[in-house]
Amino acid sequence: MKRIDQILFHPKYQYALAQIKTWEQDRQFCRHDIGHFLDVARLAYIHCLERGLDVKKDVIYAAALLHDIGRYRQYEAGIPHEEASVHLADGILPACSFSEEEQAQIRDAILGHRRNEDRRTESLADLLYRADKMSRNCFDCAAREMCNWPEDKMNMVIRDHWGEGR
Ligand SMILES: [Fe+2]
Ligand SMILES: [Fe+2]
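Numbering (the working numbering), first residue to last: 298 to 463.
Encoded structure:
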């Protein structure tokens, strides 16, 4: 996927990935690394296919790769990471051949990914939200007791997307 490779190898993206890795090296809770971003991308794309939605694959991957990329700004300056991620995305996406409309769609999905609201629509934002939540393996997490996720939101079994948002 050419446009996704352009994001992945963009110097600002690589810098942010390295910063997050440094900040999170001793983190006990879920990390925000390329493994997480790809889990979210693949889950969201599977959901898209299973639901027969008309969202482009690389637009889904772009939103997933970028949704937490501003996390290090939250660590270093207290900026909510969805806002920092959008800011970084604005500096990366125009160089990666995404149209204005696609950029707006990706920006909206990133900004909304922490909002706890009705998530039953089939927009890119909701695909991203559900995949992000579903990507975490709470049932196998050593830090679960200390986690601030509400217990009823934790993934204590392996879910598929038909189990929620219906
Ligand atoms: Fe996030
Ligand atoms: Fe995330």
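C-beta: ideal position from N, C-alpha, C; glycine also.
- Taking one beta carbon from each stretch, the stretch 346-358 and the stretch 377-392 have fewer than 3 pairs nearer than 8 Å; the two do not touch.
- Put simply, the backbone Cα of GLN325 is about 9 Å away from that of MET443.
- Spatial neighbours of LEU340 in its own chain (CB-CB distance under 7 Å, excluding positions within 5 residues in sequence) are listed in chain order as ALA428, MET431 and SER432.
- In this structure, the C-beta of VAL383 stays at least 8 Å away from each heavy atom of ligand 2.
- Pairing HIS329 with TYR358, the inter-Cα distance amounts to about 15 Å.
- Unbroken alpha helix (DSSP H) stretches of 4 residues or longer found wholly inside the stretch 366-406: 368-374 and 378-389, given in chain order.
- Residues CYS435 and PHE436 of the same chain have their beta carbon placed closer than 8 Å to that of MET453, with the five preceding and five following residues left out of the count.
- For CYS345, the enclosing alpha helix (DSSP H) covers residues 331-348.
- For ALA439, the secondary structure class from DSSP, reduced to helix, strand or coil, is coil.
- Of all C-beta pairs linking the stretch 386-397 to the stretch 419-426, fewer than three are shorter than 8 Å, placing the two stretches out of contact.
- Nearest to LEU408 by alpha-carbon distance, out of ALA381, TYR310 and GLY388, is ALA381.
- Counting along the chain, the unbroken alpha helix (DSSP H) around VAL356 starts and ends at 354-363.
- PRO447 sits in coil when the DSSP states are folded into three classes, being neither helix nor strand.
- Relative to the Cα of ARG368, the nearest Cα in the group GLN400, MET298 and TRP320 belongs to TRP320.
- Beyond the five residues adjoining it in sequence on each side, GLN303 comes within less than 6 Å, by CB distance, of CYS393 in the same chain, given in chain order.
- If you draw a straight line from the Cα of ASP336 to the Cα of ILE343, it is about 11 Å long.
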